[in-house]
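Residue numbers (numbering that gives the first Met the number 0), protein chains in the order written: chain A, 0 to 240; chain B, 0 to 202.
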Amino acid sequence: MSGPDAMHGEMPGSPLPGRPGGEPDEPLLDMLFERRPLPPGAPPEMHDLARMLATLDGPAEPGELAGEAEALAAFWRLASPAGGRPAAVRPMRRGRSRPPTRIRAGLAAAVTALVAGVGGTAAAYAGALPDPVQEVAHVMVGAPAPHHGGPHHPAVPAPRPDTQPALRPASQPGPGQNHAGGSAKAPGQTQSPGSGHGSAKGDHGTARCCAHNPPPGQNKPGRRPEDPGKPTSSAACCPAA
Amino acid sequence: MRRRVAVRLRRGGSGPDTGPVIGAAFGVILASAQAGDETAFARIFRDVQPPLLRYLRVIAPEAEDVAGDTWLHVVAGLGGFRGGEQAFRAWLFTIARHRAADAGRHRARRPAVPLELSDAADQLASPDAADAALEAVSSRAVVALVASLPREQAEIIMLRVVAGLESGEVARIVGKSPGAVRVAAHRGLRRLAQQAERAGVTR
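Here it is as structure tokens:
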């Protein structure tokens, strides 16, 4: 028997391969796999091998349990009867579907630039920028000229979505124009004295029109006005226009 | 002249003394996890994740991601699993092996050995690394040494030693006969002993 894979028990006590005349000690190798302690007379190489295998099967090392939160998130999502999971826990990472960090960083930069550009343009058209910046925006993109001597921000704040209906009749005072003691009202309860508009349908149409084309001095912040060189429909739909 | 460097491995004794870590309580813990008890599931995770990662580091470069995929599948099928701890481990490592194969198919370029593992193996095999390993050898370093073995031998050793599976279970997982698994395991251990001696991981 000269091969390296002698049958169990055929060559007990033989030294490790690579030694002169050596053949593997298969019973000892089996003992290693079976987690049985080696006999005292086993070659030292076997004891070294046993210690290596014990290290291989040792307790968790730092970082090896890093995926626990993600696994628990998957458990909450898929296996828990409640089916919920804490919002703070990220969903399990999927290696194949996750874009590389470089792509994600580029995507984030592009989104940031887009948001900054759109937001800056909107602020410029709303006249909400500081005067020097507003002046630049006025020259560069045709935004309104800065209000010299006046406040940078309009007196009328943007309506809060949680307190204002989506469509507000033109005659209804805005949040910054409320009458004393006034508060936001539900649609149908907002018609102010003197508005004198027609039907509800007509009121809504007028409100929509006037909301897009506010009378002078009632510019809604954050909304881009119509192209100055383009006729608007304010005169046709807004009684005050 | 062959260098021999004394290396203190993390565990004393002359052989692996591990087995199923949870043991007799596994059935209760598994049932609790199947009923939605996250503490029970976390107990299973902490028990299996380290050997799972070590096994995957031998067979897949993207071990952490494959482990995540594996747990997704385990969680999805947890409710329907029936069996003891050995069967659970065999099931989980079978899933991991399949997920690693999927990852390999999706990989554009696949090195024969994971780069970090080959690097680690080179470091361990170098005399300087052996000197650096005087104090301790981490499981990661030994994993790297195993990863330098032929793929089949390395995988079988990991399934036998790290996953704690019997020869028959390993044979089913890798699609070979129990005899072939035994032969490959022995060859792998012999080669591992040779490499450890070359790397100075002896005493």
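Note that the Cβ used here is the ideal one computed from N, Cα and C, for glycine as well.
| Residues, ordered as in the chain, of the segment 32-58 of chain B that lie near chain A by beta-carbon distance below 8 angstroms | Ala32, Gln33, Ala34, Gly35, Glu37, Phe40, Ala41, Phe44, Arg45, Gln48, Pro49, Pro50, Leu52 and Arg53
| message | Once the 5 residues before and after alanine 95 of chain B are set aside, which same chain residues still bring their CB inside 8 angstroms of it? | response | Leu51, Tyr54, Leu55, Val65, Ala66 and Thr69
| So, using beta-carbon positions, are glutamate 84 of chain B and phenylalanine 25 of chain B closer together than 8 angstroms? | yes
| query | CB glycine 66 of chain A to CB glutamate 61 of chain B, shorter than 8 angstroms? | reply | Their beta carbons are not under 8 angstroms apart, which means glycine 66 of chain A does not touch glutamate 61 of chain B by this criterion.
| query | Looking at the unbroken alpha helix (DSSP H) that takes in isoleucine 172 of chain B, where does it start and where does it end? | reply | 166-173
| task | Return the residues of the segment 65-81 of chain B that lie within a Cβ-Cβ distance of less than 9 angstroms from chain A, sorted by chain order. | result | Val65, Ala66, Gly67, Asp68, Trp70, Leu71, Val73, Val74, Ala75, Leu77 and Gly78
| field | C-beta atoms of valine 161 of chain B and leucine 55 of chain A nearer than 8 angstroms | value | yes
| request: Using a Cβ-Cβ cut-off of 8 angstroms, state whether serine 147 of chain B counts as contacting chain A. | output: Not an interface residue.
| task | Counting only the same chain and skipping the five closest in sequence on each side, list residues whose C-beta sits under 6 angstroms from that of glutamate 227 of chain B. | result | Shown here, chain B extends from 0 to 202; a query on residue 227 of chain B therefore has no answer.
| So is aspartate 130 of chain A in contact with chain B if we call contact Cβ pairs under 8 angstroms? | no
| field | 8 angstroms Cβ cutoff, histidine 97 of chain B in contact with chain A | value | no
| message | Quick check: leucine 148 of chain B and alanine 198 of chain B, are their CB atoms within less than 8 angstroms of each other? | response | It is not a contact, given that the beta carbons lie outside the stated cut-off.
| Which of the three DSSP states, helix, strand or coil, is assigned to arginine 50 of chain A? | helix
| field | Nearest-angstrom Cα separation, counted from phenylalanine 44 of chain B out to proline 26 of chain A | value | When rounded, the distance between both Cα atoms is 34 angstroms.
| request: Give the straight-line distance between the Cα atoms of glycine 35 of chain B and proline 43 of chain A, rounded to the nearest whole angstrom. | output: 48 angstroms
| task | State buried or exposed for arginine 104 of chain B, treating a residue as buried only when at least 16 other CB atoms are found within 10 Å of its CB. | result | Taking every protein chain shown into account, the CB of arginine 104 of chain B has fewer than 16 other CB atoms within 10 angstroms, so this residue is exposed.
| By the 10 Å Cβ neighbour count, where 16 or more other Cβ atoms means buried, how is glutamate 69 of chain A classified, buried or exposed? | buried
| query | Taking the Cβ atom as the reference point for each residue, do phenylalanine 32 of chain A and alanine 179 of chain B lie within a distance shorter than 8 angstroms? | reply | Their beta carbons are not under 8 angstroms apart, which means phenylalanine 32 of chain A does not touch alanine 179 of chain B by this criterion.
| Which residues mark the beginning and the end of the alpha helix (DSSP H) in which proline 177 of chain B is found? | 177-198
| field | Range of the contiguous alpha helix (DSSP H) that encloses serine 138 of chain B | value | Where serine 138 of chain B is concerned, the enclosing alpha helix (DSSP H) stretches over 138-146.
| query | In chain A, which residues lie less than 7 angstroms from alanine 184 of chain B when you measure between Cβ atoms? | reply | Phe32
| query | Which residue's Cα is closest to the Cα of leucine 158 of chain B: B/Leu91, B/Arg81, B/Ala192 and B/Val20? | reply | B/Leu91
| query | How is the alpha helix (DSSP H) around isoleucine 21 of chain B delimited, first residue to last? | reply | Neither: isoleucine 21 of chain B is in no alpha helix (DSSP H) and is coded neither H nor E.
| field | Closest residue to proline 177 of chain B among B/Ala102, B/Thr93 and B/Ile155 (Cα-Cα distance) | value | B/Ile155
| query | When the cut-off is 8 angstroms and only beta carbons count, does glycine 40 of chain A lie next to chain B? | reply | So, not an interface residue.
| field | Span of the alpha helix (DSSP H) around glycine 103 of chain B | value | 84-105
| Got a sec: is the Cβ-Cβ distance from glycine 204 of chain A to anything in chain B below 8 angstroms? | In this predicted model, glycine 204 of chain A has a pLDDT of only 38, less than 50, meaning its place in the structure is not dependable enough to derive any value.
| Inter-residue spacing [alpha-carbon to alpha-carbon] between proline 36 of chain A and isoleucine 21 of chain B | 21 angstroms
| glutamate 134 of chain A at chain B interface by Cβ criterion, 8 angstroms | no
| request: Identify whether aspartate 68 of chain B lies in helix, strand or coil by the three-state DSSP scheme. | output: helix
| message | Check whether chain A comes within 8 angstroms of glutamate 154 of chain B, counting only Cβ atoms and requiring the distance to be less than that. | response | no
| task | Tell me, please, whether the CB atom of valine 173 of chain B is closer than 8 angstroms to any CB atom in chain A? | result | So, not an interface residue.
| DSSP-derived helix/strand/coil call for leucine 37 of chain A | coil
| said: Quick check: the Cα distance between glutamine 194 of chain B and leucine 77 of chain A, rounded to an integer number of angstroms? | reply: 44 angstroms
| Residues that glycine 141 of chain A contacts on chain B, provided the C-beta gap is smaller than 7 angstroms | By Cβ distance, chain B contributes nothing, its closest Cβ being about 48 angstroms from glycine 141 of chain A, past 7 angstroms.
| Looking only at its own chain, which residues have a Cβ that is under 8 angstroms from the Cβ of arginine 190 of chain B, when we skip the five neighbours before and after it? | Leu148, Pro149 and Gln152
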